[in-house]
Each structure stands twice: as structure tokens, then as C-alpha cells.
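Read through the structure below, which is laid out as C-alpha cells, and then see the notes.
2 protein chains.
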Amino acid sequence: MKPTVHDIARSAGVSLATVDRVLNGRPGVRHVTRERVEQAISSLGYVRDVAAANLAKGRTYSFAFVLPNYDNSFMIGIRDEVDAAISRSGAERTQIRIIEVPPFDAPALADALDRIAADMPDGVAFVAVEGDEVHAAVGRLKETGIAVATLVSDLPGSDRDHFAGIDNHAAGRTAANLLGRFVGGRDGRIAVLAGSMLVRDHRERLEGFAAVMGESFPRLSVLPVMEARDDPSLAADVVSAVLQRYPDIIGLYSLGAGNRGIVHAVREIAPEVRPLVVAHELTRTTRAALVEGLIDAVLNQDAGHEVRSAIRVLKGKADGLPVIAAQERIRIDIFLKDNMP
Amino acid sequence: MKPTVHDIARSAGVSLATVDRVLNGRPGVRHVTRERVEQAISSLGYVRDVAAANLAKGRTYSFAFVLPNYDNSFMIGIRDEVDAAISRSGAERTQIRIIEVPPFDAPALADALDRIAADMPDGVAFVAVEGDEVHAAVGRLKETGIAVATLVSDLPGSDRDHFAGIDNHAAGRTAANLLGRFVGGRDGRIAVLAGSMLVRDHRERLEGFAAVMGESFPRLSVLPVMEARDDPSLAADVVSAVLQRYPDIIGLYSLGAGNRGIVHAVREIAPEVRPLVVAHELTRTTRAALVEGLIDAVLNQDAGHEVRSAIRVLKGKADGLPVIAAQERIRIDIFLKDNMP
DNA sequence: CAGTTTTTGAGGTACGTAAATCAGAAAATT
DNA sequence: AATTTTCTGATTTACGTACCTCAAAAACTG
């Protein structure tokens with residue numbers, strides 16, 4: 081039978097109240113007594129029944145998620161996952177609200193964070209945009225004792241507790257590895273399309289991609305990166321133009337959003353001369369394109385995992401617990417048309 | 081505030097006991113009253129507090145995991161994950177024991193299942209071996225009212241409730257897709273190494289692999305499958321021999337275990353003429369080989385996911401709940417050297 | 001209508017922990 | 001030695017649900 085606090089009290093020869101004081105770090109226990117209780121805890125192998133503890137505590141965690149209000153499929157997916165978490169909030173003793181901010185707007189983000197701080201939630205998760213204002217706002221949140229996690233895009237060097245997202249450098253390397261191998265031994269050009277070089281995750285992906293291309297695939301020449309602000313129609317134009325200009329493009333890496341436009345542009349090309357395409361995020365568009373053969377591989381970060389990880393970490397931080405890094409690592413999933421979920 | 085049973089009782093104008101009867105499907109409630117209560121439940125949006133319910137029930141689920149007692153890394157991984165689940169058993173109200181059986185031995189497996197049935201656990205998970213005895217034993221388990229799940233290797237056509245494992249057909253297709261693309265436009269032979277064609281998962285992987293090779297890569301000719309009984313030293317010999325015999329082998333698909341032997345054999349080949357290698361299961365061996373460049377891609381099924389899924393399903397089945405298919409689908413992970421976890 | 005059966009109410013105990021109060025014991029201080 | 005301070009014990013209530021008993025009311029039966 082699983083030991084309970086009563087068993088510990090009996091085994092340590094103390095009262096329930098003292099065990100409680102030790103377990104919950106309350107004052108008023110002599111050092112020797114505390115040790116005796118801890119000894120009993122470890123020798124009996126006691127583990128707190130979290131369900132019962134939560135029930136008794138009746139504690140609820142209040143969190144805020146700050147998300148950019150633009151509508152690419154991936155962000156919609158993130159929002160859906162946060163909504164799903166909200167709908168589970170009863171069972172998980174959380175109270176989560178979503179705050180929308182304009183995308184790529186550091187002052188607006190910093191503003192939102194400051195307004196949230198006034199409400200004194202237990203934790204905040206946000207999609208980072210780089211900017212000194214944001215760093216400062218994060219600092220203020222932390223000073224107020226609020227747990228802070230970045231989501232999808234990180235803000236290194238700030239006081240944030242955790243980043244719930246993928247290693248974008250590794251993602252870029254993976255993309256290069258895949259694309260380089262897929263083109264076989266052929267020579268040719270590789271085009272790269274990003275959303276914006278002002279966003280950290282896109283920059284890091286590009287770095288990783290360029291590094292592996294240089295190391296492992298010297299026969300492929302990577303064209304200067306094009307930016308399409310994650311806009312499908314702009315992306316379509318840009319891709320069409322570059323494919324026309326350089327007929328020897330044999331590979332395309334789309335490291336941002338706006339894949340609908342890319343698929344559209346690629347479909348226009350005759351199948352024999354179509355470039356190989358590696359893109360990010362498994363959405364309805366990329367999924368269909370994989371099946372149709374217009375995209376060859378998709379790298380994905382699981383929005384559900386990211387959101388749940390962020391919540392877990394914020395909860396833990398609110399209780400002063402450390403992050404279990406291995407558990408919170410978000411994987412870079414590779415999907416081909418045959419292993420789609 | 082989240083509504084409780086008390087709120088429902090008040091809102092429906094009935095007593096707590098009646099609400100309890102409705103909630104837990106106990107008899108002794110008039111149809112009209114039951115409807116009134118259900119109406120209150122849905123209008124208040126009541127959801128049962130699972131933690132409190134479990135606490136009150138004090139129910140524990142007893143499960144048995146039947147695993148083959150041979151020591152390839154993947155099976156060790158599965159066993160570790162079951163051990164991990166055992167160590168969590170306090171918090172998860174489960175009581176799990178592991179039963180070891182000789183591998184590839186249908187009568188022994190059937191025997192073990194029958195012995196387990198005598199103990200009347202709530203559920204059984206096992207790595208299937210094909211055989212009429214096993215089908216029959218599963219039938220007996222189900223008749224006794226025990227939930228049954230297959231793990232890693234399935235037993236279609238039996239009465240099992242669930243299969244916790246990957247779609248091996250899709251895994252084979254994915255492997256072919258990767259390998260076919262990696263070799264570029266070159267012609268050549270592809271060698272395939274399996275553990276045993278008597279095991280269902282290996283057979284299915286081969287089918288999927290051969291199908292895609294035929295459809296999409298007609299310039300590659302797939303050699304007859306070799307069997308090495310998941311034995312590293314045997315695998316090393318077999319691979320060395322076939323590579324010697326057919327110098328134009330440009331790709332190798334290892335769809336079983338024993339990768340240590342394959343890595344060993346491939347290391348002997350001069351780097352310029354090494355075949356591309358796709359293998360299964362991310363282990364210490366395959367991980368190191370990926371880094372070293374001896375293996376080019378690894379397909380993986382996450383042992384932790386599989387074990388946890390099996391437990392979730394067995395719990396649900398023990399309570400008569402349906403399986404949420406989307407939640408229990410085990411993904412086929414692809415790892416290159418750059419996206420390893 | 002009385003008698004029987006079914007339905008309902010009221011109340012309690014239990015699960016394992018948290019958190020509080022209050023009294024008493026032990027230790028430290030004066 | 002007296003006083004204050006610091007510990008500790010004993011006990012109680014609460015969290016939300018499950019499950020039990022017993023009595024009372026309501027609904028049927030003939």
C-alpha cells in the first residue's frame with residue numbers, strides 16, 4: 081500500500097502537523113526533527129498524492145498567453161491549442177486568457193506585457209519579438225514574481241524562465257541535410273524564402289541551413305534569401321520570379337509561413353523541372369502539397385506540445401520547481417508523404 | 081467557479097444521492113428525474129473532477145506487460161519505459177508487473193497469457209507473435225473481461241482491444257521514399273535486411289518498402305530480403321557478404337534490429353562506395369552511427385509513447401470507455417543527424 | 001383501498017492532503 | 001529560577017466525489 085502522511089507521522093514518531101510543516105516547507109520545525117521526518121519520507125518511499133494535494137489546496141493558476149493576431153495556419157494552430165487548454169482548465173486548475181497583439185511589433189508587445197503584469201497572473205507565455213522594450217518588460221514581469229515563458233520564438237538574454245519551441249538552428253541544418261540529399265549529386269542553385277530576417281527563428285533557421293549547405297553540399301549554391309513577410313500572394317510572386325530568372329534552381333527551402341503561395345507557384349512549373357521543396361509546419365496546405373508531390377518534406381513543430389509544455393513549465397515555475405529539460409524539449413518532426421499523422 | 085455535484089443537486093431540485101445515482105449510472109432513478117438532473121448537468125456545464133473522483137474511488141488498475149526476454153536495445157527501451165510506469169504507479173493508481181517470455185515463441189506466449197488470466201488483472205499488454213494459440217489465449221482473456229492491447233507488434237483478427245504501435249506498412253513506405261530520394265537519380269541495387277519474416281511488423285515494413293520502390297523508383301532493384309534474426313554478428317556477416325557479392329549496392333534498408341552488426345560491416349567499406357543506410361529505432365548504436373555518417377536516416381517509434389498509450393487504453397477499456405484514436409496514434413519519427421533529440 | 005415496489009432524501013464515512021487553531025512541551029534567554 | 005521564544009502535538013475543517021445505509025415519500029399493483 082502506498083504510504084501516506086499518516087504513515088510518515090507514525091514512522092517518524094511525530095504528529096501529522098509536523099509532517100505537514102516539513103512537506104510544505106513551513107517554519108517551526110527543529111532541524112533534528114525535520115531530518116527525522118525526511119528520513120522517514122525517503123525510507124518509506126513516500127510520494128505526495130498530487131491529486132489529493134491539489135484538491136486540498138484548491139489552488140488555481142492564472143496564466144496569460146500573448147499571441148500575434150495574424151492568421152497563418154501555424155499561429156491559428158497555436159491559438160487552437162491554447163483554446164483547447166482553456167477548455168481543459170477545469171480539470172487542470174488553470175485559468176488562461178489570450179491577449180492578441182499586432183505581429184512583429186515590439187512596442188505593442190511590451191505594452192501588452194506591462195498591462196498583464198498589472199493583473200498579477202501566475203505566469204505569462206508570449207511569442208517573442210526582439211526589442212529592448214520587450215527585454216525590459218520581461219524584466220519587470222520577473223521582478224513582480226511572474227513566471228515567463230517564450231513560445232515558438234525565443235528571446236535569449238532576457239530574464240524569461242523557459243523557451244517552449246524548437247531549436248531553429250537545428251531545424252535549418254535538418255532542412256539543408258534533407259534538401260542536399262534529395263537533389264542527389266546534381267549541381268544547381270537553391271532558393272531560400274523567409275518571412276522576415278527580423279524574426280529570430282527565421283534568422284536561426286537560415287544560419288543552420290547555410291552552414292550545412294556550405295559544409296556538406298559545396299556543389300549547391302544558395303541564392304540570397306528572399307523575404308515575403310509570410311504573405312502567400314507575395315511569396316507566390318517572389319518564387320515565380322526567382323524560378324524564372326534562374327532556371328537551374330533545383331531546390332527551394334521555405335523557412336517561414338506563406339506556403340500557400342509557394343505551392344501555387346511551384347504548381348505552375350512543369351513536373352520534370354520542378355525544384356525539390358522543403359517547407360516548415362504541417363498545415364492543410366503543406367499536407368495536401370506533400371500528397372500531391374509539390375512539397376517533398378515538411379519540418380514541423382507540434383503546436384500542441386509547445387503549448388502544453390509552456391503551461392507545464394509555468395505551473396512548475398509558479399510553484400518554484402525546476403524545469404525537467406528532457407521532458408520539455410520540443411522535437412523537430414520530419415514528415416514525408418508516407419509518414420504523415 | 082466550477083460547478084460541483086452540490087450545485088447540480090440544488091439546481092435540479094434533487095438530493096445529492098440522486099445526482100450521484102445519475103452520474104454513476106446507478107439504478108433507482110425515475111426517467112423524468114434523471115432527465116432533470118442531466119439537464120442541470122449540461123446547463124451548468126458540470127464536469128466531474130477526475131482527481132477528486134479517483135481519490136474517492138481509491139481504485140487501482142492492475143496490468144500485466146508480457147515482453148520477450150531478448151536484449152536488443154529497442155526491447156530494453158520498452159522494458160525501461162514499463163519500469164518507469166511502474167515507478168509512477170503510485171501517482172497513476174496502477175499496479176503493473178512485467179512477465180518475460182522467450183521471443184518468437186507462440187506457445188510460450190499463449191501459456192503466459194493463460195497464466196496471467198488466472199490472476200484476473202484489469203488489463204494485459206503484450207508483444208504479439210503470430211499463432212493460433214495466441215489468438216485463442218486472447219479470446220480467453222477477453223471472455224474473462226480483461227482488457228487486451230498489443231504492443232509494438234500487432235495481432236490483427238484477434239479480439240485485442242487495441243494496438244499500441246506504428247503503422248509498419250507506412251514505415252516501410254517512408255523508408256523507401258527516403259532511401260530512394262537519397263540515392264538521387266542513380267541506378268543500382270538495394271539490399272534489405274530483416275530479423276525474421278515470421279514477425280508481422282517486419283513483413284509489413286517490407287511490403288510497404290517494396291511497394292514504394294516499385295512505384296516510385298523503378299531504376300533501383302531490390303535484392304531478395306535477408307534474415308538475420310536480429311542478431312548483430314549474424315547481421316554483420318550477411319551484410320558483408322552481400323556487399324562483396326554485389327558491388328553496385330547503393331542502398332541498404334535494415335528493417336529489424338541488430339544494427340550494431342550492420343554498422344560494423346558498413347564501417348569496413350571505403351567511404352566513397354558506402355551504401356546509403358536507413359535503419360529502424362533510435363538507440364545508442366544508431367545514434368552514434370548517424371553522427372558518424374554510417375547511417376543516413378533512422379525511423380523510430382517512441383517506446384515511451386507506446387507504453388503510455390497502452391496503459392491509457394487499458395485503463396479506459398477497464399472502465400468501458402472508447403479509445404480516442406487520434407490521441408493514441410503512434411507516430412513514425414524520422415531522425416537525421418541534425419534533428420536528433 | 002391497502003399493500004407492494006420503486007424512487008428519493010438525508011446523512012454519514014472515506015480518500016489523502018492542506019491549512020488552521022490552540023494548548024502544551026522544550027529550549028533559549030534573561 | 002522565571003520568562004520568553006521556539007517547537008511540537010492534537011484536533012478540526014475543507015476540497016469534490018464515491019458509496020453506503022436507513023427512512024420516508026411517491027408511484028404503482030391488484
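From first to last, the protein sequence lines stand for chains A and B.
For what it's worth, the working numbering labels the leading residue of the first sequence as 81, then goes sequentially.
For what it's worth, the working numbering labels the leading residue of the second sequence as 81, then goes sequentially.
For each residue, glycine too, the CB sits at the ideal point set by N, CA and C.
None of these values were measured; they are calculated from a predicted model.
Taking the C-alpha atoms as reference points, what is the distance between A/Val272 and A/Ala383? 24 Å
Quick one: complete beta strand (DSSP E) runs, 3+ long, within the segment 138-222 of chain B? 141-148, 174-181 and 203-206
Ranges of the beta strand (DSSP E) found wholly within the segment 285-373 of chain B, counting only runs of at least 3: 300-302, 329-334 and 356-360
Among B/His242, B/Leu356, B/Asp87 and B/Ala133, which has the Cα closest to the Cα of B/Leu328? The sequence shown places Asp at residue 328 of chain B, rather than the Leu named in the question. Ranking the options by Cα distance to B/Asp328, first place goes to B/Leu356.
Selection of the segment 116-134 of chain A by Cβ proximity to chain B, strictly under 8 Å: Val127, Asp129, Val130, Ala131, Ala132 and Asn134
Using 8 Å as the cut-off, can you tell me whether the segment 413-421 of chain A makes contact with the segment 88-105 of chain B, which would need three or more C-beta pairs spanning the two stretches below that distance? no
Could you tell me which residues DSSP puts in a beta bridge with B/Asn380? B/Asp413
Taking one C-beta from the segment 282-291 of chain B and one from the segment 254-262 of chain B each time, how about it: are there three or more such pairs within less than 8 Å? yes
Against A/Glu248, what residues of chain B qualify as contacts under a CB-to-CB distance less than 7 Å, listed in chain order? The sequence given here has Asn at residue 248 of chain A, not Glu. Going along chain B, no residue has its Cβ under 7 Å from A/Asn248, so there is no contact; the nearest lies around 11 Å.
Taking C-alpha atoms, which residue in B/Val302, B/Asp311 and B/Phe243 lies nearest to B/Arg280? B/Phe243
Could you tell me whether the segment 135-154 of chain B touches the segment 164-184 of chain B, where touching means 3 or more Cβ pairs closer than 8 Å? yes
When you compare the segment 371-391 of chain B with the segment 336-351 of chain B, are there three or more beta-carbon pairs, one atom per stretch, that lie closer than 8 Å? yes
Run through chain B and tell me which residues come within less than 7 Å of A/Asn419, C-beta to C-beta. Ala250, Thr254, Ile412 and Ile414
Determine the chain B residues that contact A/Lys82 at a beta-carbon separation under 7 Å, and present them in chain order. Gly170
Quick check on the DSSP output: the alpha helix (DSSP H) that includes B/Val228 runs from which residue to which? Premise fails: B/Val228 lies in the beta strand (DSSP E), Ala227 to Leu231, not in any alpha helix (DSSP H).
Alpha-carbon spacing of B/Ala216 relative to B/Val109, whole angstroms: 41 Å
Within 8 Å of any Cβ in chain B, is that where the Cβ of A/Leu258 sits? yes
Give the straight-line distance between the Cα atoms of A/Arg309 and B/Asn248, rounded to the nearest whole angstrom. 40 Å
What number of angstroms, rounded off, separates the C-alpha of A/Leu335 from the C-alpha of A/Ala274? 5 Å
So A/Gly400 is in the alpha helix (DSSP H); what residue range does that whole segment cover? Unbroken run through A/Gly400: none, as it is neither H nor E.
8 Å contact criterion, which B/Glu361 and B/Ala337 should meet: CB distance rounded: 7 Å
Could you please give the first and the last residue of the uninterrupted beta strand (DSSP E) stretch that includes B/Ile270? Gly268 to Ala274
Residues that B/Phe243 bridges to, as DSSP identifies them: B/Thr230
For chain B, check one thing: does any of its Cβ atoms lie closer than 8 Å to the Cβ of A/Phe262? yes
Could you confirm whether any beta carbon from chain B is found closer than 8 Å to the beta carbon of A/Gly265? yes
Run through DSSP, which three-state label would A/Asn419 get? coil
6 Å CB neighbourhood of B/Ala205 in its chain, flanking five on each side removed: Phe145, Ala229, Leu231 and Ala390
Please list the partners that B/Arg409 has in chain A, where partner means a Cβ-to-Cβ separation under 8 Å. Pro421
Hey, out of B/Val112, B/Lys395, B/Ala377 and B/Ala398, whose CA is closest to B/Ala251's CA? B/Ala377
Within its chain, find whatever has a CB closer than 6 Å to the CB of B/Ser320; leave out the 5 residues flanking it on each side and keep chain order. Ala345
Keeping to the same chain, check which residues put their C-beta closer than 7 Å to that of B/Arg299; ignore five residues upstream and five downstream. Asp267
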